[in-house]
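Going by my numbering, the first residue of the sequence shown is number -14, and it counts up by one from there. See below for the structure under consideration.
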Amino acid sequence: MMGEQNDRGQTQLDFVLGFSILIMAVMFVFAMAPGLISPFSTGQAANPITADRIADDLSGSKAVVSPSSAELDTEFFEQPDDEIATAIGQSDLDRINISVKETQSTDLVYSAGEAYPEERGQVTVTHRIVSIDGETHWLEVRVW
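In structure tokens, the structure reads:
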């Protein structure tokens, strides 16, 4: 049996094919891993749930004369910002701006909360319609 030669072995084509499959598998893992982890990672993304909750609270009960009307209680915006933050349940992590604007000209009528930054990152904006002295206005809540 010594004279017999085994002609089977790894050829260059086998090596290239195996290495290519390995590289493609590694690239697939690196490409898919961020997408798999991102739903569980926390970041500085804006929060649409918070913006909707605040807008609903303000237009439904806290900043209106009565829940059955959309008439805005202007005294709500005359409070200090810290009292407004307590009333809407603002957390220390969220920065919030509440604005009331005219629907025709979008002129600012009332504002509360932090000033909207010039450098805009991820911001969630929610609108509701309210009434002031029978005129329609936009209630705008921004969370960033």
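Glycine residues also receive a C-beta, built at the ideal position from the N, C-alpha and C atoms. A quick note: this is a predicted structure, and the numbers were derived from the prediction, not measured.
(1) Is the beta carbon of Glu87 less than 8 Å from the beta carbon of His112?
(2) Taking a contact to mean a Cβ-Cβ separation below 8 Å, would you say Glu99 touches Arg80 in this structure?
(3) Is Asp42 near Ile73, with beta carbons less than 8 Å apart?
(4) Between Trp129 and chain D, is any beta-carbon pair separated by less than 8 Å?
(5) Quick one: using the 10 Å Cβ neighbour count with 16 as the cut-off for buried, is Gln75 buried or exposed?
(6) Between which two residues does the beta strand (DSSP E) holding Val11 run?
(7) Return helix, strand or coil for Gly119, following the three-state DSSP convention.
(8) Taking 8 Å as the limit between beta carbons, can you name the residues of its chain near Val85, skipping five residues before and five after?
(9) To which residues does DSSP link Tyr95 through a beta bridge?
(10) Rounded to the nearest angstrom, what separates Gly(-6) and Phe0 at their Cα positions?
(11) What residue range does the alpha helix (DSSP H) around Ala55 cover?
(12) Leaving out five residues on either side along the sequence, give the residues of the same chain with a beta carbon under 8 Å from the beta carbon of Ser54.
(13) Which residue marks the beginning of the alpha helix (DSSP H) containing Glu65, and which one marks its end?
Reading off the structure:
(1) The residue given as residue 87 occupies position 102 in the sequence shown. The residue given as residue 112 occupies position 127 in the sequence shown. Result no, Cβ atoms of Glu87 and His112 do not sit closer than 8 Å.
(2) Counting from 1 along the sequence shown, the entry for residue 99 is found at position 114. Counting from 1 along the sequence shown, the entry for residue 80 is found at position 95. A contact, by the Cβ cut-off of 8 Å.
(3) In the sequence shown, the residue the question calls residue 42 occupies position 57. In the sequence shown, the residue the question calls residue 73 occupies position 88. Closer than 8 Å, so yes.
(4) Chain labels in this structure do not include chain D; a single protein chain is all it has.
(5) For the purposes of this step, residue 75 is identified with residue 90 of the sequence shown, where counting begins at 1. Buried is the call here.
(6) Locating residue 11 in the sequence shown gives position 26, counting from the first residue. That residue, Val11, is in no beta strand (DSSP E); its alpha helix (DSSP H) goes Gln(-3) to Ile22.
(7) For the purposes of this step, residue 119 is taken as residue 134 along the sequence shown, with counting starting at 1. If DSSP states are grouped into helix, strand and coil, Gly119 belongs with coil.
(8) Translated into positions along the sequence shown, residue 85 becomes position 100. Excluding residues within five positions, the ones whose Cβ falls inside 8 Å are Leu57, Phe62, Leu93, Val94, Tyr95, Ser96, Val115, Ile117, His122, Trp123, Leu124 and Glu125.
(9) Along the sequence shown, read from residue 1 onward, the residue named residue 95 stands at position 110. Tyr95 pairs with Val85.
(10) Walking along the sequence shown from the start, residue -6 turns up at place 9. Walking along the sequence shown from the start, residue 0 turns up at place 15. Going by C-alpha positions, Gly(-6) is about 10 Å away from Phe0.
(11) Translated into the one-based positions of the sequence shown, residue 55 becomes position 70. Where Ala55 is concerned, there is no enclosing alpha helix (DSSP H), given that its DSSP letter is neither H nor E.
(12) Stepping through the sequence shown from its first residue, residue 54 is reached at position 69. So the list reads Ser116, once near-sequence residues are dropped.
(13) As a working mapping, residue 65 is identified with position 80 in the sequence shown. Going by the sequence as given, residue 65 is Pro instead of Glu. No alpha helix (DSSP H) contains Pro65, which DSSP labels as neither H nor E.
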